[in-house]
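The next block holds one structure in the form of structure tokens; read it before the comments.
Numbering (the working numbering), first residue to last: 732 to 798.
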């Protein structure tokens, strides 16, 4: 009986210990924001500046201005 209570106590304690602290949550959020910025600058911006995409956007804008 006491072994099962001890196992519950140890399991509960390890669960409490595994809850991330506020500091580690902030670091996780900061790293995700940094990843998003890197994705934006390395992938999204060059693709938006692609001449073919700019041509399509300009064509769409010209078509919109006709109406």
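Backbone N, C-alpha and C define an ideal beta-carbon position, used for all residues, glycine too.
Fair warning: this is a prediction, and the values are worked out from it, not measured in the lab.
C-alpha gap between residue i and residue j, whole angstroms
| i | j | result |
| --- | --- | --- |
| residue 766 | residue 774 | 11 Å |
| residue 758 | residue 795 | 45 Å |
| residue 786 | residue 777 | 14 Å |
| residue 784 | residue 791 | 11 Å |
| residue 771 | residue 797 | 32 Å |
| residue 763 | residue 755 | 12 Å |
| residue 779 | residue 793 | 18 Å |
| residue 782 | residue 768 | 23 Å |
First and last residue of the uninterrupted alpha helix (DSSP H) at residue i
| i | result |
| --- | --- |
| residue 778 | 776 to 779 |
| residue 796 | 782 to 797 |
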